[in-house]
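Here the structure comes first, spelled out in structure tokens, and everything after it is commentary.
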């Protein structure tokens, strides 16, 4: 059964959105899930890539950018393509549009 959870943050800094996305990705990864973080731009994808290395001291989240990583070997993928593929079971959407 499909489950959908919405997290609506009102009037928060952009960095707070990214930190929440990192925490959600960490929790899902610890549960053995495969995650796609959908961003609105290449710059936002690079920012999430950087933050997943640094958002929590001592934390390691195996991730990569969609165009650089092997989806079969990378549990957390980050990208801004409309076609997110089907290698994930968790979507974290940071963009205005929903990927297909």
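Residue numbers (the working numbering): 7 to 106.
Glycine is no exception: its CB is placed at the ideal position from the N, C-alpha and C atoms.
What's the gap between the Cα of residue i and the Cα of residue j?
{"i": "residue 99", "j": "residue 63", "result": "24 Å"}
{"i": "residue 35", "j": "residue 8", "result": "18 Å"}
{"i": "residue 68", "j": "residue 93", "result": "15 Å"}
{"i": "residue 37", "j": "residue 60", "result": "21 Å"}
Quick one: what's got a C-beta closer than 8 Å to residue i's C-beta in the same chain, skipping five residues either side?
{"i": "residue 48", "result": "86"}
Report the CB separation of residue i from residue j in whole angstroms; it is logged as a contact under 8 Å.
{"i": "residue 72", "j": "residue 82", "result": "With 8 Å as the limit, residue 72 and residue 82 do not qualify as a contact, their Cβ atoms being about 11 Å apart."}
{"i": "residue 31", "j": "residue 58", "result": "7 Å"}
Excluding the five sequence neighbours on either side, which residues of its own chain have a C-beta within less than 7 Å of the C-beta of residue i, listed in chain order?
{"i": "residue 51", "result": "45, 71, 84, 85 and 86"}
{"i": "residue 27", "result": "43, 54, 98 and 100"}
{"i": "residue 22", "result": "15"}
Three or more C-beta pairs below 8 Å linking the region 8-17 and the region 38-55:
no
Quick one: complete beta strand (DSSP E) runs, 3+ long, within the region 26-50?
41-44
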